[in-house]
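Some notes on the structure that comes next.
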Amino acid sequence: MIAAPIHRASERFLLDPSGAVVWPASRTIIVADLHLEKASSLATRGSLLPPYDSRTTLDRLTLLLSRYAPERVIALGDSFHDPLGLARMAPDDAGRLARLESEQKFIWIAGNHDPAESAMIELREKNFTFRHEASRLAPGEIEFSGHFHPKARIATRGAAIARPCFVADAHRILLPAFGAYAGGLDVTSPPIRALFPRGGQVFLLSRDRIYTFPLAHAAKAS
47 MIAAPIHRAS ERFLLDPSGA VVWPASRTII VADLHLEKAS SLATRGSLLP PYDSRTTLDR
107 LTLLLSRYAP ERVIALGDSF HDPLGLARMA PDDAGRLARL ESEQKFIWIA GNHDPAESAM
167 IELREKNFTF RHEASRLAPG EIEFSGHFHP KARIATRGAA IARPCFVADA HRILLPAFGA
227 YAGGLDVTSP PIRALFPRGG QVFLLSRDRI YTFPLAHAAK AS
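Our numbering puts the sequence shown at residues 47 to 268.
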């Protein structure tokens, strides 16, 4: 896989095609919106999906950790789809998650789907703030956030390709959802556009590399 490097406040980050951010200098991986146990949550409301989302997401996370061997993982909220997700998780999947937590330090940021008392609201290090949902920025602050599950469409040869993506400018890095069943919000939507009033850069995920283009070039979803 070929990650896209970006530099903020004299630090180098890698935008990985998996949808994670790698911070090599601090041996950290940043992921957003795992939404573990989304299928079992929807099943309690009568909407049936194949119950393999947690397994698939943990497979992807395990591969990512094996590739980069970080010392810690920052999870930017909505790690479970609802507060009872861990209790519903299959024992094998819960065991895998526990093993990952024993091998790396996990920092769980609270999201709107998470019980706030089970995680911190945000993490601040140097100029960087890690939180679930984008917020008003302080002078000099650089924010990593999730919540919106950004996806983008780009027109190519008369067709359009839609995929999850990062969106970034000099002060914000908005991460795509890492979860298998997470869905997404188009980058042309008002909530995402409002975060980047002066424009930004889209980093579109593909299987093994990142494609980048200006936010203004994203095609509106039909």
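Beta carbons are placed, not taken as given, at the ideal position from N, Cα and C, and that holds for glycine. Computed from a prediction, not measured in an experiment: that's the story for all the values here.
Point to revise | Selection from L82, R177, A156 that minimises the alpha carbon distance to A140 | key: One-based indexing of the sequence shown puts residue 140 at position 94. Here the closest residue by C-alpha is L82.
Check your understanding: Would the region 187-204 and the region 227-242 be scored as touching if the rule is three or more Cβ pairs under 8 Å?
Key -> Touching, yes, given that three or more Cβ pairs across the two stretches are closer than 8 Å.
Check your understanding: Are there three or more Cβ pairs, one per stretch, closer than 8 Å when the region 98-105 is compared with the region 57-65?
Key -> In this structure the region 98-105 does not touch the region 57-65; the number of beta carbon pairs closer than 8 Å is below three.
**Study point:** Helix, strand or coil at D138 [DSSP, three-state]
**Key:** Within the sequence shown, residue 138 is the residue found at index 92, counting from 1. Three-state DSSP puts D138 in a helix.
Point to revise | Length of the line joining the Cα atoms of P222 and L183 | key: Looking up residue 222 in the sequence shown gives position 176. Looking up residue 183 in the sequence shown gives position 137. Separation of P222 and L183 (C-alpha to C-alpha, rounded to the nearest whole angstrom) is 20 Å.
Point to revise | Neighbourhood of S268 by C-beta, 7 Å cutoff - its chain only, sequence neighbours within 5 removed | key: Within the sequence shown, the letter at position 222 stands for residue 268. For S268, the pLDDT reaches just 49, beneath the cut-off of 50, and the residue's location in the model is therefore unreliable, leaving the point undetermined.
Review point. Roughly how many whole angstroms lie between the Cα atoms of S112 and I48?
Key: Position 66 of the sequence shown holds residue 112. Position 2 of the sequence shown holds residue 48. Their Cα atoms are separated by approximately 16 Å.
Review point. In terms of residues, what are the limits of the alpha helix (DSSP H) holding T103?
Key: Stepping through the sequence shown from its first residue, residue 103 is reached at position 57. For T103, the enclosing alpha helix (DSSP H) starts and ends at 99-114.
Exercise for review: May I ask which residues mark the beginning and end of the beta strand (DSSP E) holding R170?
Suggested key: Counting from one through the sequence shown, the residue named residue 170 turns up at place 124. Where R170 is concerned, the enclosing beta strand (DSSP E) stretches over 168-171.
Exercise for review: Assign E187 to one of three DSSP states: helix, strand, or coil.
Suggested key: The count along the sequence shown starts at 1 and reaches residue 187 at position 141. DSSP, reduced to helix, strand and coil, places E187 outside both helices and strands of the structure shown, so it counts as coil.
Practice item. Check each candidate in R255, P185, W69 and name the one with the smallest Cα separation from A115. Key: Position 69 of the sequence shown holds residue 115. Of R255, P185, W69, the residue nearest in Cα terms is W69.
Practice item. Identify whether E149 lies in helix, strand or coil by the three-state DSSP scheme. Key: Walking along the sequence shown from the start, residue 149 turns up at place 103. Helix at E149.
Check your understanding: Run through DSSP, which three-state label would I48 get?
Key -> For the purposes of this step, residue 48 is identified with residue 2 of the sequence shown, where counting begins at 1. Taken through DSSP and simplified to helix, strand or coil, I48 comes out as coil.
**Study point:** Option nearest F224 by Cα separation, candidates P51, A121, S56
**Key:** Stepping through the sequence shown from its first residue, residue 224 is reached at position 178. Comparing Cα positions, the closest option is A121.
Check your understanding: Where does D138 land, buried or exposed, given buried means 16+ other C-beta within 10 angstroms?
Key -> Numbered from 1 along the sequence shown, position 92 holds the residue referred to as residue 138. Flag for D138 reads exposed.
Practice item. Identify every residue that forms a DSSP beta bridge with R199. Key: On the sequence shown, position 153 is the one that residue 199 refers to. In DSSP, R199 forms a bridge with A208, A265.
Check your understanding: How many Å lie between K84 and P260 at the Cα?
Key -> The residue labelled residue 84 in the question sits at position 38 within the sequence shown. The residue labelled residue 260 in the question sits at position 214 within the sequence shown. Computed Cα separation, rounded: 32 Å.
Exercise for review: Within the same chain, show all residues whose beta-carbon is closer than 8 Å to that of R209, passing over the 5 residues directly before and after it, in chain order.
Suggested key: For the purposes of this step, residue 209 is identified with residue 163 of the sequence shown, where counting begins at 1. Excluding sequence neighbours, R209 sits near K197, A198, L250, L251, S252.
Point to revise | Cβ-based burial, S64 [other Cβ within 10 Å; buried from 16] | key: Position 18 of the sequence shown holds residue 64. Result: buried.
Exercise for review: Please name the residue in G123, R142, D99 whose C-alpha comes closest to that of I76.
Suggested key: Along the sequence shown, one-based indexing puts residue 76 at 30. It is G123 whose Cα lies nearest to the Cα of I76.
Point to revise | Own chain, CB closer than 8 Å to I238, minus 5 neighbours either side, in chain order | key: What you label residue 238 is simply residue 192 of the sequence shown in a count that begins at 1. Once the five neighbours on either side are set aside, the close Cβ partners of I238 are F194, P196, V213, L220, L231, D232.
Check your understanding: What are the boundary residues of the alpha helix (DSSP H) that I238 is part of?
Key -> Counting from 1 along the sequence shown, the entry for residue 238 is found at position 192. Run containing I238: 236-239, per the alpha helix (DSSP H) assignment.
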